[in-house]
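Asker: Here the protein sequences come in this chain order: E and S. Using our numbering, the first residue of the first sequence is number 1, and each one after it goes up by one. Using our numbering, the first residue of the second sequence is number 295, and each one after it goes up by one. For every residue, glycine included, the Cβ atom is placed at its ideal position computed from N, Cα and C. Note that the structure is a prediction, hence the values are computed from the model and not measured.
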Amino acid sequence: MAGNSVKAKLRKRKIKAFVRQVLANKMALFGTVVLLLFILVAIFGPLLVPFSVLEFGEVEDMLNPPGPGHILGTDDMGRDVLGYLIAGSRISLLVGALATGISMVIGTVIGIVSGYSGKVIDNVLMRITDFFLVIPWLPLMMVLAAILGTSIWNIIVVIGVTSWAGTARVVRSQTLSVRENQFVERTVSIGAGSGHIMLHHILPNVFPLVFANTILIAAAAITSETTLSFLGLGDPAHASWGMMLHYAFETGATSTGAWWYFLPPGLCVVAVVLAFTLMGYAFDEILNPKLKER
Amino acid sequence: MNKKRLVKKLLYAAITIFFVLVFNYFLFRILPGDILSMLSRSGKTTPEMVANIREMYGLDLPWYQQFFVYLENLFTGDLGTSFIYKKPVAEVIGSRILPTVILLGVAEVLAIVVGIVFGIVSAWKRGKAIDTGLLSTSLLLYSMPTFWLGMMLILIFCVNLRLFPINGMVTPGRVFADTWAYINDVVRHMILPMACMALVMIGEYAITMRSTMIDVLSEDYITTAKAKGFSNGYVLRRHAMPNAMLPMITLIAINLGLIVGGAIQIETVFSWPGLGNLMYGALVNRDYPLLQGVFLLTTVTVILANLLSDILYEVVDPRVKSMGD
Numbered sequence: 001m002a003g004n005s006v007k008a009k010l011r012k013r014k015i016k017a018f019v020r021q022v023l024a025n026k027m028a029l030f031g032t033v034v035l036l037l038f039i040l041v042a043i044f045g046p047l048l049v050p051f052s053v054l055e056f057g058e059v060e061d062m063l064n065p066p067g068p069g070h071i072l073g074t075d076d077m078g079r080d081v082l083g084y085l086i087a088g089s090r091i092s093l094l095v096g097a098l099a100t101g102i103s104m105v106i107g108t109v110i111g112i113v114s115g116y117s118g119k120v121i122d123n124v125l126m127r128i129t130d131f132f133l134v135i136p137w138l139p140l141m142m143v144l145a146a147i148l149g150t151s152i153w154n155i156i157v158v159i160g161v162t163s164w165a166g167t168a169r170v171v172r173s174q175t176l177s178v179r180e181n182q183f184v185e186r187t188v189s190i191g192a193g194s195g196h197i198m199l200h201h202i203l204p205n206v207f208p209l210v211f212a213n214t215i216l217i218a219a220a221a222i223t224s225e226t227t228l229s230f231l232g233l234g235d236p237a238h239a240s241w242g243m244m245l246h247y248a249f250e251t252g253a254t255s256t257g258a259w260w261y262f263l264p265p266g267l268c269v270v271a272v273v274l275a276f277t278l279m280g281y282a283f284d285e286i287l288n289p290k291l292k293e294r
Numbered sequence: 295m296n297k298k299r300l301v302k303k304l305l306y307a308a309i310t311i312f313f314v315l316v317f318n319y320f321l322f323r324i325l326p327g328d329i330l331s332m333l334s335r336s337g338k339t340t341p342e343m344v345a346n347i348r349e350m351y352g353l354d355l356p357w358y359q360q361f362f363v364y365l366e367n368l369f370t371g372d373l374g375t376s377f378i379y380k381k382p383v384a385e386v387i388g389s390r391i392l393p394t395v396i397l398l399g400v401a402e403v404l405a406i407v408v409g410i411v412f413g414i415v416s417a418w419k420r421g422k423a424i425d426t427g428l429l430s431t432s433l434l435l436y437s438m439p440t441f442w443l444g445m446m447l448i449l450i451f452c453v454n455l456r457l458f459p460i461n462g463m464v465t466p467g468r469v470f471a472d473t474w475a476y477i478n479d480v481v482r483h484m485i486l487p488m489a490c491m492a493l494v495m496i497g498e499y500a501i502t503m504r505s506t507m508i509d510v511l512s513e514d515y516i517t518t519a520k521a522k523g524f525s526n527g528y529v530l531r532r533h534a535m536p537n538a539m540l541p542m543i544t545l546i547a548i549n550l551g552l553i554v555g556g557a558i559q560i561e562t563v564f565s566w567p568g569l570g571n572l573m574y575g576a577l578v579n580r581d582y583p584l585l586q587g588v589f590l591l592t593t594v595t596v597i598l599a600n601l602l603s604d605i606l607y608e609v610v611d612p613r614v615k616s617m618g619d
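#1: Quick check: the Cα distance between E:Ala24 and E:Gly31, rounded to an integer number of angstroms?
#2: So, using beta-carbon positions, are E:Met141 and E:Leu228 closer together than 8 Å?
#3: Check distances from the C-beta atoms of the stretch 126–142 of chain E to those of chain S and list, in chain order, the residues that come in under 7 Å.
#4: For a cutoff of 8 Å on Cβ pairs, would you count E:Trp164 as touching chain S?
#5: In this structure, how does DSSP classify E:Asp80 when only helix, strand and coil are distinguished?
#6: E:Thr74 by DSSP, collapsed to three states: which one?
#7: Between S:Arg580, S:Ala557 and S:Asp611, which lies nearest to S:Ile391 when the distance is taken from Cα to Cα?
#8: With a threshold of 8 Å between beta-carbons, can E:Ile202 be considered close to chain S, or not?
#9: Are the Cβ atoms of S:Leu404 and S:Ser416 separated by less than 8 Å?
#10: If we ignore side chains and look at the alpha-carbon of each, how far apart do S:Val363 and S:Pro459 end up?
#11: If you measure from the beta carbon of E:Met1 to each beta carbon in chain S, is any gap under 8 Å?
#12: What are the residues that DSSP puts in a beta bridge with S:Thr375?
#13: Suppose the cutoff is 8 Å on Cβ atoms and the five residues either side in sequence are ignored; what does the same chain contact list for S:Leu373 look like?
#14: Rounded to a whole number of angstroms, what is the C-alpha to C-alpha distance between S:Met573 and S:Pro393?
#15: Anything in the stretch 439–462 of chain S with a Cβ closer than 9 Å to a Cβ of chain E? List those residues in chain order, please.
#16: Any C-beta of chain E within less than 7 Å: which residues of the stretch 542–555 of chain S qualify?
#17: So, does the CB of E:Ile280 fall closer than 8 Å to a CB anywhere in chain S?
#18: Whole angstroms is fine: what's the gap from E:Ile159's alpha carbon to S:Ala471's?
#19: Along the chain, where does the alpha helix (DSSP H) that runs through E:Asp130 open and close?
#20: On a CA-only basis, which of E:Lys9, E:Ala28 and E:Lys14 is nearest E:Glu285? Give me that one, please.
#21: What first and last residue would you give for the alpha helix (DSSP H) that runs through S:Leu392?
#22: Measure from the C-beta of E:Ser324 to each C-beta in chain S and report whether the shortest distance is under 8 Å.
#23: In whole angstroms, give me the CA-to-CA distance for E:Arg90 and S:Leu511.
#24: Report yes if the C-beta distance between E:Val81 and E:Gly73 is below 8 Å; otherwise report no.
#25: In the DSSP assignment, find the alpha helix (DSSP H) that holds S:Ala489 and state where it starts and stops.
#26: Have a look at S:Met507, S:Val596 and S:Gly467 and flag the residue whose alpha-carbon is nearest the alpha-carbon of S:Lys419.
#27: Excluding the 5 residues flanking E:Gln21 on each side, which residues of the same chain have their C-beta closer than 7 Å to its C-beta?
#28: Starting from the Cα of S:Pro487, find the closest Cα among S:Gly444, S:Gly497 and S:Val344 and give me that residue.
#29: Could you check where the alpha helix (DSSP H) with S:Lys520 kicks off and where it finishes?
#30: To be precise: take each residue of the stretch 230–256 of chain E, compare its Cβ to all Cβ atoms of chain C, and keep it if any distance is under 9 Å. Which residues remain?
#31: Out of curiosity, what's the CA-to-CA distance linking S:Ser505 and E:Ala146?
#32: For the stretch 169–180 of chain E and the stretch 202–211 of chain E, state whether three or more C-beta atom pairs, one from each stretch, are separated by less than 8 Å.
#33: On a CA-only basis, which of E:Ala275, E:Trp241 and E:Thr256 is nearest E:Pro264? Give me that one, please.
#34: To be precise: take each residue of the stretch 145–169 of chain E, compare its Cβ to all Cβ atoms of chain S, and keep it if any distance is under 7 Å. Which residues remain?
#35: Could you tell me the distance, in whole angstroms, from the CA atom of E:Lys119 to the CA atom of E:Glu185?
#36: I'd like to know whether the C-beta of E:Val270 is nearer than 8 Å to at least one C-beta of chain S.
Okay, here's the thing in structure tokens:
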């Protein structure tokens with residue numbers, strides 16, 4: 001037990017050092033703050049939006065530019081754009097988070113198993129990984145989503161199942177180097193099984209890498225949700241930023257110049273994706289010693 | 295190049311293509327019930343069409359024989375009949391290839407040149423104002439959904455400034471005096487979608503070029519070259535750039551998949567009559583044979599392009615070549 005508490009202390013110190021570095025890095029700090037802001041809005045915002053703004057309005061309320069009463073104007077159905085935006089944030093972030101979770105689990109498991117097992121299993125798993133790595137992602141997602149049907153869960157699964165290949169590759173190569181460590185050999189010699197080693201010895205060592213990768217996947221997942229919804233593969237029952245952009249495009253808001261309808265949801269997507277990208281980028285600089293300034 | 299490695303690469307590419315074929319087959323036939331029930335769900339069937347499809351896909355045969363019928367059809371160029379166009383899928387696709395190739399080709403060349411220059415400048419002036427500016431522009435472009443950037447460009451340049459036509463490839467119904475007038479019209483239609491595609495890619499190329507360049511610049515041989523008294527420009531051109539350029543070959547190939555995704559979005563937003571727009575139409579109308587055909591064509595093209603870049607990489611990089619021997 002004593003060993004465990006030392007380990008926990010070490011881990012705590014490591015995390016503290018990491019947090020300090022993040023706070024010192026302007027990019028990482030900016031990304032984290034923006035993201036936290038959006039998460040707060042997604043959790044509490046929909047509770048504050050009165051339900052009435054999401055109901056279809058009268059004819060004179062349709063496609064009104066921003067003004068008193070509707071800070072960001074109304075859409076073609078007479079709904080308040082700001083209210084819709086806040087209500088949509090929850091689905092956009094939720095889809096992104098769950099899809100990222102699926103992708104992270106698949107990528108980590110395949111990467112570790114592939115790297116630790118080697119030989120035939122490694123070869124087969126890596127061919128499958130290559131397949132998902134090389135195939136153009138949007139056509140693949142479009143085809144899958146079109147066949148599975150448009151529901152929020154299908155979108156999550158489709159994004160998660162198609163975006164893990166990069167993680168698997170990175171985790172595999174890290175596993176290969178961790179496997180060569182003496183402590184793994186020692187653990188094998190005292191009779192530990194492969195499952196135990198992968199879970200308790202390899203996983204903790206590849207985790208920082210998985211973490212940095214996850215952030216980049218989250219950015220891609222949010223973009224994917226937006227794009228799929230825009231192309232008409234979203235779930236019409238749930239408001240999301242992608243659905244807003246879909247309706248805006250379908251009803252010709254671009255050519256009529258109704259900018260308040262599609263500028264705000266797009267900016268929200270850009271802000272969240274940028275936040276993730278900045279965090280991923282900064283973490284890479286923190287975790288990758290080669291990039292440190294000399 | 296080493297023969298064994300070449301054979302291995304060809305084999306891997308062949309396996310991946312075979313995966314795609316199998317995947318395509320099962321996805322469209324086995325998973326959601328057979329193609330007939332999908333057809334009747336789309337509500338656009340006539341009894342003749344049903345009989346036609348039954349015969350064409352050999353739906354009365356056992357599944358493994360159906361797979362061979364599918365392969366046979368494929369290799370004879372028979373991709374089925376499009377539901378919406380009522381024409382062979384291969385023919386419909388064939389007429390859409392050129393607009394996409396022109397659009398993507400010009401955009402890609404532009405993006406590579408600008409992206410590489412941005413990346414090099416950024417890395418060389420690391421931490422300076424110009425680096426911060428270029429890097430934030432690149433990151434911003436990289437974070438934008440492609441279709442949204444297209445919508446914003448339309449809003450600014452077509453609706454507000456009225457500089458370019460909103461959509462299509464030529465002005466509908468216009469009679470052209472000569473070929474030059476026609477080309478001029480096409481170019482005017484092409485500028486915005488092309489700029490949109492290029493902008494999205496520039497972000498990514500610049501970011502990658504910057505980090506590769508930073509990696510290269512931290513190598514010992516750069517310090518050595520500088521210590522020898524070579525000028526900065528010489529070191530950059532002769533020592534750093536050739537080495538930083540290599541990963542770009544791989545990136546450009548990997549990016550092809552992303553570019554295909556970008557083309558779907560941009561062609562949809564700008565109604566550009568290419569493959570991406572065709573795929574969007576097939577998706578909206580649930581035209582499964584057409585959707586499958588475009589999917590197959592784009593995936594196989596991307597796989598082959600990746601293979602080509604792999605081979606090219608070995609030819610260009612002497613280190614990899616000697617490693618194989």
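Answerer: Judging by the given coordinates:
#1: Counting from 1 along the first sequence, the entry for residue 24 of chain E is found at position 24. Counting from 1 along the first sequence, the entry for residue 31 of chain E is found at position 31. Approximately 13 Å, taken between the alpha carbons.
#2: Here residue 141 of chain E refers to the residue found at position 141 of the first sequence. Here residue 228 of chain E refers to the residue found at position 228 of the first sequence. Contact: yes.
#3: Within the stretch 126–142 of chain E, those residues whose Cβ lies closer than 7 Å to any Cβ of chain S are, in chain order, Arg127, Asp130, Phe131, Val134, Ile135, Pro136, Trp137, Leu138, Pro139 and Met142.
#4: As a position in the first sequence, residue 164 of chain E is number 164, starting the count at 1. Taking Cβ atoms only, chain S never reaches closer than 8 Å to E:Trp164, which makes this a no.
#5: For the purposes of this step, residue 80 of chain E is identified with residue 80 of the first sequence, where counting begins at 1. Strand.
#6: In the first sequence, the residue the question calls residue 74 of chain E occupies position 74. E:Thr74 carries a strand assignment under DSSP once its states are collapsed to helix, strand and coil.
#7: Taking the first residue of the second sequence as position 1, residue 391 of chain S is located at position 97. The shortest C-alpha separation from S:Ile391 is found at S:Ala557.
#8: Working through the first sequence from its first residue, we reach residue 202 of chain E at position 202. With 8 Å as the cut-off, E:Ile202 does not count as an interface residue toward chain S.
#9: Counting from one through the second sequence, the residue named residue 404 of chain S turns up at place 110. Counting from one through the second sequence, the residue named residue 416 of chain S turns up at place 122. Going by C-beta atoms, S:Leu404 is not nearer than 8 Å to S:Ser416.
#10: Mapped onto the second sequence, residue 363 of chain S falls at position 69. Mapped onto the second sequence, residue 459 of chain S falls at position 165. Cα to Cα, S:Val363 sits roughly 46 Å from S:Pro459.
#11: Numbered from 1 along the first sequence, position 1 holds the residue referred to as residue 1 of chain E. With a pLDDT of 46 at E:Met1, under the threshold of 50, the modelled position of this residue cannot be trusted, and the question is left open.
#12: Reading the second sequence from its first residue, position 81 is the one you call residue 375 of chain S. Under DSSP, the beta-bridge partners assigned to S:Thr375 are S:Pro382.
#13: In the second sequence, the residue the question calls residue 373 of chain S occupies position 79. Excluding residues up to 5 positions away in sequence, Asn367, Pro382, Val383, Ala384, Ile387, Pro583, Gln586, Gly587 and Leu590 lie with their Cβ nearer than 8 Å to the Cβ of S:Leu373 in the same chain.
#14: Translated into the one-based positions of the second sequence, residue 573 of chain S becomes position 279. Translated into the one-based positions of the second sequence, residue 393 of chain S becomes position 99. C-alpha separation (whole angstroms): 14 Å.
#15: The residues in question are Pro439, Thr440, Phe441, Trp442, Leu443, Gly444, Met445, Met446, Ile448, Leu449, Cys452, Val453, Asn454, Ile460 and Asn461.
#16: Hits within the stretch, in order: Gly551, Val554 and Gly555.
#17: Working through the first sequence from its first residue, we reach residue 280 of chain E at position 280. The question names Ile, yet the displayed sequence has Gly at residue 280 of chain E. It does not: the Cβ of E:Gly280 has no partner Cβ on chain S nearer than 8 Å.
#18: The count along the first sequence starts at 1 and reaches residue 159 of chain E at position 159. The count along the second sequence starts at 1 and reaches residue 471 of chain S at position 177. When rounded, the distance between both Cα atoms is 49 Å.
#19: Counted from its first residue, the first sequence places residue 130 of chain E at position 130. For E:Asp130, the uninterrupted alpha helix (DSSP H) segment begins and ends at Lys119 to Val134.
#20: If you number the first sequence from 1, residue 285 of chain E lands on position 285. Looking at E:Lys9, E:Ala28 and E:Lys14, the one whose alpha-carbon comes closest to that of E:Glu285 is E:Ala28.
#21: Residue 392 of chain S sits at position 98 when you count from the first residue of the second sequence. Where S:Leu392 is concerned, the enclosing alpha helix (DSSP H) stretches over Ile391 to Trp418.
#22: Residue 324 of chain E lies beyond the range of chain E shown here (1 to 294); nothing can be said about it.
#23: Walking along the first sequence from the start, residue 90 of chain E turns up at place 90. Walking along the second sequence from the start, residue 511 of chain S turns up at place 217. Between the alpha carbons of E:Arg90 and S:Leu511 lies a distance of about 44 Å.
#24: The residue labelled residue 81 of chain E in the question sits at position 81 within the first sequence. The residue labelled residue 73 of chain E in the question sits at position 73 within the first sequence. Going by C-beta atoms, E:Val81 is nearer than 8 Å to E:Gly73.
#25: Counting from 1 along the second sequence, the entry for residue 489 of chain S is found at position 195. Boundaries of the alpha helix (DSSP H) harbouring S:Ala489: Thr473 to Leu511, taken from the DSSP string.
#26: Residue 419 of chain S sits at position 125 when you count from the first residue of the second sequence. Answer by Cα proximity: S:Met507.
#27: On the first sequence, residue 21 of chain E is found 21 positions in, with the first residue counted as 1. Result list for E:Gln21: Ile286, in chain order.
#28: Taking the second sequence and counting its residues from 1, one reaches residue 487 of chain S at position 193. Comparing Cα-Cα distances from S:Pro487 to each of S:Gly444, S:Gly497 and S:Val344, the minimum goes to S:Gly444.
#29: The residue labelled residue 520 of chain S in the question sits at position 226 within the second sequence. In the DSSP assignment, S:Lys520 falls within the alpha helix (DSSP H) that extends over Asp514 to Ala521.
#30: Reference to chain C is not applicable here, since the protein chains of this structure are E and S.
#31: Along the second sequence, read from residue 1 onward, the residue named residue 505 of chain S stands at position 211. Along the first sequence, read from residue 1 onward, the residue named residue 146 of chain E stands at position 146. A direct Cα-Cα distance of roughly 38 Å separates S:Ser505 from E:Ala146.
#32: Contact holds: three or more Cβ-Cβ distances are below 8 Å.
#33: Residue numbering aside, residue 264 of chain E sits at position 264 when the first sequence is read from its first letter. Of the listed residues, the one whose Cα sits closest to E:Pro264 is E:Trp241.
#34: Listed in sequence order: Ala146 and Ile147.
#35: As a first step, residue 119 of chain E is located in the first sequence; it is residue number 119 there, counting from the start. As a first step, residue 185 of chain E is located in the first sequence; it is residue number 185 there, counting from the start. The C-alpha of E:Lys119 lies about 18 Å from the C-alpha of E:Glu185.
#36: What you label residue 270 of chain E is simply residue 270 of the first sequence in a count that begins at 1. Chain S contact via Cβ: present.
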